[in-house]
Every structure is written in C-alpha cells, then in structure tokens.
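What follows is a single structure, written as structure tokens, with notes after it.
Chains as they are written, first to last, in the numbering used here: chain B, 1 to 235; chain S, 1001 to 1661.
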C-alpha cells in the first residue's frame, strides 16, 4: 500500500461526494471514474470533465493519462482506450459496491466520504467478496448500474452472501429488506403500497404451490420472480 | 347492469342528501359497515376487488337522511387498477359530506398510508379502526387517544360484524376534520409538487395531493385534466414530472410510498403496543397453512369441491329442483295457468304461447324458476361461504400454476369458479382482472368450457348413469380443450400477463346473515337480468318453432349431427335449442337418454359438445356488453364450429379405438 496522507473527511450529503485529498494515482482513478460516469450520461467532453473534476491539476492528469495510453483525446472528445476501459470499469464497480455496502447494509447516511476512501483500498479479491456478500447487486443505491464482475457471472456463492433474494430463503425464515430491484415501476409501486419497502421485515411462508410472503399481519401470494427482486438480510 | 350504474350516478349527483363515503384498504370490513349503516348489502365480500361498482344506500344517521357510499378497496389512492381509480374519482368529483376511512386495526401500517393521503387531500374525515377483535387476539393494541392527537381527527374502534362501536362511530361522524398531518418528501419532489400545483385547476381535493399523484405516475388523471386545462398545460406538467423523475433512478411512486411508510412507522411506534401471547397459532392458522400446502392442499381442494357438489348438485339440483318442478309447477302452477288461460283467453295461439310446449309459463318460467333458480341459488350460497371463509384466495394459490399455462394467473379463479354458477355473472366479474388480455381470455374460456350450474346439474345427472370411464373422458376432454385453447389464445391475444399479487385474508368463520344477504342480492340480480333473457329466448324458440325454422335447421344440421357426431338426428333439436338456452339443450339430451335413445358413447359425445357449446343467450349479451360486439362475435364464431369439431373428433376417437364405456 502506497504512502498516503491522512484523508480529509468532509461529511458529504448523498450525491455530493466529499473532497478527497488523494495521492497521484488515486487522482487518476477519480478522473477515470468521472469519464465513465459522463459517458453513462452521454455527456463525455473535455469541457465536462474539467467542470466535474473534483481534484486539482486536472488538465495535467488528463494529459498524463493520454500519454500512458489509458485514454484517447481528439479535440474536445475523450475516450477510454482498450487498456483504460477495464480499469475504469473496475473503479466504478468498487465505488458503487462500496456505496451499497455503506448505505444499505450498514444503513449509514452521508457515507459517501467513507465509500470514497473505501473504494481505493479494495483489492480485486475483496471486491469479489463484497459483491458476493451483497448478493451481486445490479444497482447502486442511486439506481446507477454496477458493472458486473467475474463473480457475478459465476454466481458465486462460496462465501455465503449476507444479502440474498427473498426467493432463496427457506420457508419460515425472516429477512429484513435491504433493497428491491424491480423490472417495472408499477410492480414496485404496488408492492410499496402494501408495505414492501427497504427496512421492512418479511417472512417467507411457503414456496410451493405458490410463493406466499408475510409482512406483519398481511399475507400475500406472489409470483416467484417478484421474490427474486427483493433482496433481504436474513434475521 | 349498465343502465343500473348510470341511474346510480345520476342519483348521486342529483341527490341533495348529505353523503357518507366509506374508504379503505381491501378486506377491512367496509362493506360490512355499509350493511350495518344502511341495512342492506349488495355484494359484500372480502375477496379483494369484488366491489367493482360503487354501492349506494340510504340511511338515517344521527336523525339526518344520508346517502351512504361503499367504494372498492384501495391500497393507495394513486390508482393501480380499475377499482382503485373508481374510488379516487369519487373523491375527486364531488365534495363528500363525511369521509370515513375504515382500517384493519391489525394492519394499521397500511391503513395509515391511506390516512396520510387523505390528509394531503385536505378532505375532512374520521378514522374507524375496524376488526379490533382480530387485532386483540393477536396481542395488538392501538392507543386511539394518542393516535387521534397525532393525526388530528376522530378515531373510533369497531367490530363491524358484531355491531360493536357503531354508536361511537355515529357520534364521531358528526365531527369530521381535516388532518394537519403532512409528509415531507425529498426536496426535488417537493419542488416538483409546487410547480405542478401552480398549473392545476381547483378541485374537490387539494392540488398538492393531485400533484403528488401525477408525480407518482398516475396516468388516469389525464382524462380529468384534459377536461379542465389546455393541452399545452398538460404537456408542461408532464415535462416537470419527467424532470423530477430523471433525478432519481427509483420510480417516484415507490419513493413517495416509502416516505409515507416511514411516517406511518413513526406514528405506529407511538401508538401500537404488542402484548405477549399475541402469536397464538389457532385452528384458523393451521387451516390457512394446510389449505395452500403443496401436499395437503390438494385433498382439501377435492374435499371442498365434493362438499360443494353434494350441496349444490344433490340438495339443490336434486331435492329442491324436484320439489319445485314436479310439485309446485307440475301439480299446481302449470295446470292452474293452463286452466286460467283457457278460461280468460280461449285463443289457441295464446294457449300455445303461454302454456304450450314452448310456452312462456310452461317452459321459460318453469325452467328459470323451478330448475335454474334453485341450483343457482344454492351455488351462490356455497360461493358465499367460500368467499367469507377466506378459502377462495387460497384456492387461487393452489391453481395459479395451472392458470399460468393459459396466460392467466390464480386471480382468475374467481370468475372461473363463479362461472360454474352462472357464466353471465362471471363475465361481469372479469372486471376485477387487471389487463384487457386477461379479461378477454377469461370471457372466452367461460363461454367455451365452463358449464353453468344449471347445465352442470343436468350433465352430472346424465353422467351418473354412465361408467366411471365415461365421466373421466368427459372431464378430461373438457379440461384439456380449455387448457389448449387457453394456451393458444394467450399467444395470439396481444398484451402482457399481469403479476400475481394476491392478498390472503385470515381464515374466518363465515357470518350466516352476511352470506344470506349476499346470496339474496345475487339472486335478485339473476332474476332481474337473466330471467327476462330466458323469456326472450323462449319466445324466439316459439316463433322459430311456429314458422318451422327449428325443423328446418334441424334437417339442415342433421347430416352433421348424424354423420360427424354419430348421434341420432333428433338430438339436433337439442343443439339448436341449446343455442338459446344451454340447459335446455342438455335437458333435451337428458330426456333422450332416459328414453334409451342414446348409447353411452353418444351420451359422452353429446355432453362434450354441449359443454363446449356457445353459452346461453344471456351470456352472449353480457359478452357484447363487456367486451364489445366485435370481440364477442369472434368468440362466438370460433366456439360454435369448434365444439362440433371436438365432438366429431371424440366420436371418431372412441369408435376407432373401440373404447368400451
């Protein structure tokens, strides 16, 4: 692990990341992440990168990245190179997994600062473990997609995930809802009106012939694929 | 039924009476309360979504004559289904005098979500915590004083089915207030609400709440908006909504509800206490568990079906029908009417019309009242027991997988089972299904394969004389055809299947009076809606017979019937008549079988054709009304030849394989 200065932690609000004071390599990481996010938004230009840049000395770092072959710059247009793509992808993956970990599992608001520090110290194995622990979540708390990793493809379950789809519980077990990833809005809305939201404790009553779940004093029969989209922490 | 509804709507608008609106989640006892207040029920049920229409009743409450209105249950006032829309629209269209929110005490969390929405609407209301007994038996106690303080409105406790707490309710009704309770949403949502509110017209409910509904994605408000504001304003509102949604990746509806639930939990934490010994597993809990069990559920299902068959088939179709047909009509009414007609109007034509072979009295009324009515009546009683005990949704759980083959889900079990009683009423009930595709599919399957109780009575009577194999063949053919056609139709009809999300109320002991009143209401509907159509059918038959059309069609159909189906040519008459009245056709065959004119193979073939055949004329009218002329015609055009094809195929199959019956 490289030498690093004591990281300033300025508690940030959701969506407003704290100002991280970072050694050089981590500044590069931040910039690559910014590039990835801007690309998701369809807004990837030199001007936008500078505008969004949260570290100092942006222009120099960008030129350095280009020189080392991580990105390609043509006029106003910036692109991730073949070499840069997997690196940026892994960074975004760690960032968003960290957010999930802090917000949902640890239920901490204003955790952006911690998540920001955390992502830089995750090694590939730890990243995979965190991903597996969380049950390979497809989205970050703000809804942005988490790039898939090798562990997701293999649906690794060696390390017992702490957060599992409700469908994976054994009948009779209880789980506290950590997050829900619905296919369509209306499905989510209808469930939420019946009390199925993160934080609620739900019990899986049976799986056959149909799935039946229980929330407090309400018993509901549902399709299996709905229970696959409700992720719970076993309690 | 259409004009029935319109009359009600008019009476609602024109009425100078003070109005009382009952609102709440499904399954909380609104309809029971309605019955208590007005002294009558219409369709009281705890199967969610059954009250598909708004129910009106007059009552004198606190010495004032009032119009009490029962609404379909809602899980949220941002509508996700037809009946939720109906309820929301009631609040929107007119300022109701008093709104009573009825909540299930043990499920107060969900009730509070509605309470918060009513508060946002700035509608004066009171809160009724019903089913307090069930809450207490689970150890749940709500501090109603504190709750009243927190929400700022009257809170009363009742147990509607025991009439307890009603006096407090009546007192509380005199003091409805607006609740000062508000939920603070995310800043972006609040801003969106302010912007949209500014563009909205005045309405019976607060603009803030309308803005929230729009943000939550309520499409159904658009119709109301179109009538009130110009298109460019609507476009602007939509733009604002999209802008707010873009800031979040979860749906706004979900976020808003989550926020409401959080507030509800805060309130609940201050008023709810759970006592020890609350989680007793009672008989009801075991019954609930086993009735949906993958192993035990099936024998329970068979047992229930057997009991229903004994009750409706033997008691109803057997004794009751015998008594009415042979004694009441056979010995008294029919001979008397014949004498009276001959005495007063000794015209041969009138004699034939009224008391002849196809006479209005001797055929139509006799069949409608002596044969069909008792069967249908007994069936409605049995159905009422299934509903009120809470078994019906568990039946849906058991059959969900089978229904999925046909592109439906377990919720369709309600209209399908009702179809065994009366397919016409069942077609009306398809309104509770969420998607158009499901409604079309179920209407189609009802017309195709579900025999109504009148027909079923005769069919089972005929089958009882046959071997077990014959019965099985009939059953298997009908079920197989339905599954196959359902599967094919679900591929052809455009649209998505809907989610299977079905609330299961607790298993309860049904209230006798409740069932009787429900049954009477349904029988009344049947007499008003179906019987006139039977008489119409008989008249058509009479005319047809008179002008020789019946004989003509019979001769025309003869080669088909004899050659293809392998039946005697006289049975063509039964099929022709069967078009006008399903059970007439079956009865005609029954007579032939009794006379020994049909061998077992012919009986099975004819039964299969009759079962699959076009529904009775009342049902066709209902199909046109609910699904439209074009769709109904397509269905009829398919079913008619299809039934014959299957009959012919079965006939060939039985002959070819020389199956002994």
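Ideal Cβ positions, reconstructed from N, Cα and C, are used throughout, including at glycine.
Every value quoted in this text rests on a predicted model; they were computed, and no experiment measured them.
- DSSP places residue 223 of chain B in the coil class of the three-state scheme, outside both helix and strand.
- Between residue 1194 of chain S and the set S:1205, S:1204, S:1210, the nearest pair of CA atoms involves S:1210.
- Per the Cβ contact rule, the segment 1369 to 1386 of chain S is in contact with the segment 1521 to 1535 of chain S (3 or more Cβ pairs under 8 Å).
- In the structure shown, residue 1295 of chain S adopts coil according to DSSP, grouped into three states.
- With respect to chain S, the C-beta atom of residue 67 of chain B has no partner C-beta closer than 8 Å.
- Among the residues facing chain S, residue 170 of chain B is not included, as its CB has no counterpart in that chain under 8 Å away.
- For residue 1275 of chain S, the closest of S:1106, S:1397, S:1349 by C-alpha to C-alpha distance is S:1106.
- For residue 1505 of chain S, the closest C-alpha among the options S:1291, S:1149, S:1326 is that of S:1291.
- One Cα belongs to residue 1272 of chain S, the other to residue 1512 of chain S, and the distance between them is close to 32 Å.
- Between residue 233 of chain B and chain S, the shortest Cβ-Cβ separation is not below 8 Å.
- Three or more Cβ pairs closer than 8 Å define a contact, and the segment 1428 to 1437 of chain S falls short of that threshold against the segment 1452 to 1471 of chain S.
- Proximity of chain S to residue 222 of chain B at the Cβ level (cut-off 7 Å) is accounted for by 1500, 1501, in chain order.
- With a threshold of 8 Å between beta carbons, residue 1076 of chain S makes contact with chain B.
- The residues 34, in chain order, have a CB closer than 6 Å to that of residue 52 of chain B in the same chain once the five nearest residues on each side in sequence are set aside.
- If you look at residue 213 of chain B, you'll find it in the beta strand (DSSP E) that goes 211 to 215.
- For residue 1130 of chain S, the enclosing beta strand (DSSP E) begins and ends at 1125 to 1130.
- Between residue 1193 of chain S and chain B, the shortest Cβ-Cβ separation is not below 8 Å.
- The closest CA to that of residue 1361 of chain S, considering only S:1489, S:1302, S:1539, is found on S:1539.
- Taking 8 Å as the cut-off, the Cβ atoms of residue 1217 of chain S and residue 1179 of chain S do not count as close.
- The beta carbon of residue 151 of chain B sits closer than 6 Å to the beta carbons of 128, 131, 132 from its chain, once the five residues preceding and following it are set aside; these are given in chain order.
- Close to chain B, meaning a Cβ-Cβ distance shorter than 8 Å, are the following residues of the segment 1243 to 1259 of chain S: 1248, 1249, 1250, 1251, 1253, 1254, 1257, 1258.
- Against residue 1504 of chain S, the close residues of chain B are 212, 219, 220, 221, in the order they occur along the chain (beta-carbon pairs closer than 8 Å).
- Beta-bridge pairing by DSSP links residue 1368 of chain S to no other residue.
- In this model, residue 1462 of chain S and residue 1428 of chain S are separated by some 30 Å (Cα to Cα).
- The beta-carbon of residue 1271 of chain S is placed no less than 8 Å from the nearest beta-carbon of chain B.
- Annotation: the continuous alpha helix (DSSP H) that includes residue 1112 of chain S extends over 1108 to 1121.
- Straight-line spacing of the CA atoms in residue 1102 of chain S and residue 1198 of chain S works out to 32 Å.
- With respect to residue 174 of chain B, residue 203 of chain B sits close: the two C-beta atoms are nearer than 8 Å.
- Where residue 54 of chain B is concerned, there is no enclosing alpha helix (DSSP H), because DSSP gives it neither an H nor an E.
- Chain B places no beta carbon closer than 8 Å to that of residue 1334 of chain S, leaving this residue out of the contacts.
- Nearest neighbour of residue 1436 of chain S by Cα position, chosen from S:1027, S:1187, S:1631, S:1127, turns out to be S:1631.
- By the beta-carbon neighbour count (other beta carbons within 10 angstroms, threshold 16), residue 1269 of chain S is exposed.
- At a cut-off of 8 Å between beta-carbon atoms, residue 1401 of chain S makes contact with chain B.
- The Cβ-Cβ distance between residue 87 of chain B and residue 32 of chain B falls below 8 Å.
- Against chain B, the CB of residue 1408 of chain S has no partner CB under 8 Å away; the residue lies outside that interface.
- For the segment 1180 to 1242 of chain S, the full-length alpha helix (DSSP H) segments reaching 4 residues or more read 1187 to 1199, 1207 to 1215, 1221 to 1228 along the chain.
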